[in-house]
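What follows is a single structure, written as structure tokens, with notes after it.
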Amino acid sequence: MRPPPQVTQSFRRLVTCLPASSPLLLCGDFNMHHPQWEPFLESSPSEVAAEFLELCTDAGLTLVNTPGEITYARGTGERSCIDLTWSKHLTVSGWSASVSPLSDHYMLTFTLHQAFKDTIPSAPPSAPKTFYSWGKCKWDLFIKDFDTQLPAYDYKKQSTGIKAFTRALITSYRRHCPRGMHKDGPRLWDDTLMEAERIATDSKARYLQLPTPDREAEMQRTRSQFFLLLRERLRNTYLRRISKSRRTTRMEIHFRTKKGITSTSYIIVVGRWSTHL
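Following full-length UniProt numbering, the numbering of the sequence shown begins with 1 at its first residue and continues without gaps.
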């Protein structure tokens with residue numbers, strides 16, 4: 001069961017504490033119903049929904065959603081527009097919501113165009129990454145060479161010591177650890193998986209358009225096939241295998257646009273999955 005919607009103090013602080021001139025993109029499953037984004041709403045909006053809309057409007061946020069376009073569907077009759085996209089000092093074009101086999105929530109896609117380019121500094125260029133073949137590194141020679149280069153520790157010259165440590169580390173890597181990375185192992189998102197996702201998506205879209213027992217069975221069958229294939233790839237991909245050797249797990253999210261988002265921009269995603277792998 002969904003929790004009752006509310007405008008929490010933490011969310012209020014989140015929206016109001018950011019610099020007024022900074023670009024902001026706010027996306028999430030807010031579980032709010034209001035004629036502003038649900039024109040087909042028959043009942044009056046709740047006080048919480050009205051408070052939420054007033055807060056976003058006062059903060060200078062602009063609703064990006066196409067009013068009335070469904071973003072959530074479950075079963076034969078539950079349809080709503082609870083997944084919202086708000087922006088400030090950003091131009092958003094091409095907003096659309098499409099059926100996803102991974103969740104009851106639709107997939108939201110759009111293109112960001114940065115505003116006020118003359119007043120917002122560009123993000124610094126990212127340094128190129130260097131990859132090493134750790135399995136082929138001669139660690140005994142690496143440690144010996146590294147220790148030889150390190151000067152005697154002097155607490156009065158910590159800055160000099162840090163520079164010497166960094167220089168010794170880089171030099172030892174270059175001497176004893178070959179560059180490059182392994183590219184063997186199966187690919188995660190290949191043509192087979194993309195085709196399975198397309199079939200599952202089309203099957204779900206047909207069911208939502210006209211819910212019948214046959215279409216529901218077909219949707220469940222294609223969805224199960226897609227999930228089975230996806231789980232198999234997650235178990236067997238090379239990236240999954242090397243992650244087992246790490247003590248920590250890291251999730252990296254990359255945003256790419258034509259012009260890029262500056263370091264002063266904020267992208268906030270609020271939501272939860274209703275379907276788990």
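A virtual CB, placed ideally from N, CA and C, is assigned to each residue, including glycine.
Can you tell me which of the three DSSP states residue 50 falls into? On the sequence shown, position 50 is the one that residue 50 refers to. Residue 50 falls in the helix class under three-state DSSP.
Alpha carbon of residue 145 to alpha carbon of residue 109, nearest angstrom: Your numbering for residue 145 matches position 145 in the sequence shown. Your numbering for residue 109 matches position 109 in the sequence shown. For residue 145 and residue 109, the distance between alpha carbons rounds to 51 Å.
Leaving out five residues on either side along the sequence, give the residues of the same chain with a beta carbon under 6 Å from the beta carbon of residue 101. On the sequence shown, position 101 is the one that residue 101 refers to. These residues qualify, in order along the chain: 200, 201, 204, 223, 226.
From the DSSP secondary-structure annotation, give me the bridge partner or partners of residue 107. Translated into positions along the sequence shown, residue 107 becomes position 107. DSSP lists 98 as partners of residue 107.
Range covered by the beta strand (DSSP E) that runs through residue 74: Numbered from 1 along the sequence shown, position 74 holds the residue referred to as residue 74. Here the beta strand (DSSP E) through residue 74 covers 72 to 74.
Contact defined as beta carbons within less than 8 Å: I believe residue 72 pairs with residue 83. What is the distance between those atoms, to the nearest angstrom? By 1-based counting over the sequence shown, the position of residue 72 is 72. By 1-based counting over the sequence shown, the position of residue 83 is 83. Yes, they are in contact, since the Cβ atoms of residue 72 and residue 83 sit about 6 Å apart, within 8 Å.
Can you tell which of 141, 155, 157, 156 has its C-alpha closest to the C-alpha of residue 169? The count along the sequence shown starts at 1 and reaches residue 169 at position 169. Selected option, being the one with the closest Cα: 141.
Can you check which of these residues, 6, 212, 43, is closest to residue 49 by C-alpha distance? Residue mapping note: residue 49 aligns to position 49 of the sequence shown, counting from 1. It is 6.
By the three-class DSSP mapping on this structure, what secondary structure does residue 7 have? As a first step, residue 7 is located in the sequence shown; it is residue number 7 there, counting from the start. In the structure shown, residue 7 sits in coil (DSSP, three-state: anything other than H, G, I, E or B).
In the DSSP assignment, the alpha helix (DSSP H) including residue 235 goes from what residue to what residue? Along the sequence shown, read from residue 1 onward, the residue named residue 235 stands at position 235. Here the alpha helix (DSSP H) through residue 235 covers 213 to 236.
Going by beta carbon distance, what residues of the same chain come within less than 6 Å of residue 51, once the five residues before and after it are set aside? Taking the sequence shown and counting its residues from 1, one reaches residue 51 at position 51. Result list for residue 51: 7, in chain order.
Taking buried to mean at least 16 other C-beta atoms within 10 Å of its own C-beta, is residue 134 buried or exposed? The sequence position of residue 134 within the sequence shown is 134, counting from 1. By the 10 Å Cβ count, residue 134 comes out exposed.
Any idea if residue 153 is buried or exposed, counting beta-carbon neighbours within 10 angstroms, 16 or more meaning buried? In the sequence shown, the residue the question calls residue 153 occupies position 153. Label assigned to residue 153: exposed.
Thinking C-beta only, is residue 81 closer than 9 Å to residue 15? For the purposes of this step, residue 15 is taken as the residue at position 15 of the sequence shown. For the purposes of this step, residue 81 is taken as the residue at position 81 of the sequence shown. Result no, Cβ atoms of residue 15 and residue 81 do not sit closer than 9 Å.
Nonlocal neighbours in the same chain, by C-beta distance under 6 Å from residue 149, ignoring five residues either side: By one-based count along the sequence shown, residue 149 stands at place 149. Excluding sequence neighbours, residue 149 sits near 168.
Under DSSP, the beta strand (DSSP E) around residue 87 begins and ends at which residues? Numbered from 1 along the sequence shown, position 87 holds the residue referred to as residue 87. From DSSP, the beta strand (DSSP E) with residue 87 extends over 83 to 88.
Suppose the cutoff is 8 Å on Cβ atoms and the five residues either side in sequence are ignored; what does the same chain contact list for residue 41 look like? If you number the sequence shown from 1, residue 41 lands on position 41. So the qualifying residues of the chain are 33, 34, 35.
Inter-residue CB distance, residue 207 and residue 173 (contact presumed, cutoff 8 Å): As a first step, residue 207 is located in the sequence shown; it is residue number 207 there, counting from the start. As a first step, residue 173 is located in the sequence shown; it is residue number 173 there, counting from the start. Residue 207 to residue 173, Cβ: 54 Å. No contact.
Look at residue 98 and residue 107 and say whether their C-beta atoms are less than 9 Å apart. As a position in the sequence shown, residue 98 is number 98, starting the count at 1. As a position in the sequence shown, residue 107 is number 107, starting the count at 1. Yes, these two residues count as a Cβ contact at 9 Å.
Among the candidates 23, 163, 31, 46, whose CA atom is the shortest distance from the CA of residue 89? As a working note, residue 89 is residue 89 in the sequence shown. Among 23, 163, 31, 46, the Cα nearest to that of residue 89 belongs to 23.
Please report the distance separating the alpha-carbon of residue 157 from that of residue 11. To locate residue 157, count along the sequence shown from 1; it is residue 157. To locate residue 11, count along the sequence shown from 1; it is residue 11. Those two C-alpha atoms are separated by around 46 Å.
Residue 67 and residue 45 look like a contact to me (Cβ under 8 Å); what is the Cβ gap, rounded to whole Å? The sequence position of residue 67 within the sequence shown is 67, counting from 1. The sequence position of residue 45 within the sequence shown is 45, counting from 1. Rounded, the Cβ-Cβ distance is 14 Å, inconsistent with contact.
Going by DSSP, what residues sit across from residue 112 in a beta bridge? The residue labelled residue 112 in the question sits at position 112 within the sequence shown. BP columns for residue 112 point to 92.
Please report how far the alpha carbon of residue 47 lies from the alpha carbon of residue 96, in whole angstroms. Here residue 47 corresponds to residue number 47 of the sequence shown, with the count starting at 1. Here residue 96 corresponds to residue number 96 of the sequence shown, with the count starting at 1. Whole-angstrom Cα-Cα distance: 28 Å.
What three-state label does DSSP hand residue 133 in the structure shown? Locating residue 133 in the sequence shown gives position 133, where the first residue counts as 1. Coil at residue 133, not helix or strand.
Please report how far the alpha carbon of residue 209 lies from the alpha carbon of residue 29, in whole angstroms. Here residue 209 corresponds to residue number 209 of the sequence shown, with the count starting at 1. Here residue 29 corresponds to residue number 29 of the sequence shown, with the count starting at 1. Straight-line Cα distance between these residues: approximately 22 Å.
Chain-order list of residues whose beta-carbon lies under 7 Å from that of residue 53 (same chain, five-residue window excluded): One-based indexing of the sequence shown puts residue 53 at position 53. Closer than 7 Å at the Cβ level, and outside the excluded window around residue 53, lie 34, 36.
Starting from the C-beta of residue 215, find all residues in its chain whose C-beta is less than 7 Å away, skip the five residues before and the five after it, and write them out in chain order. Counting from 1 along the sequence shown, the entry for residue 215 is found at position 215. Only 206, 207 meet the Cβ criterion.
Compare the C-alpha of residue 104 against each of 91, 76, 163, 230 and name the closest. For this step, residue 104 is matched to residue 104 along the sequence shown. Taking only the C-alpha atoms, the option nearest residue 104 is 76.
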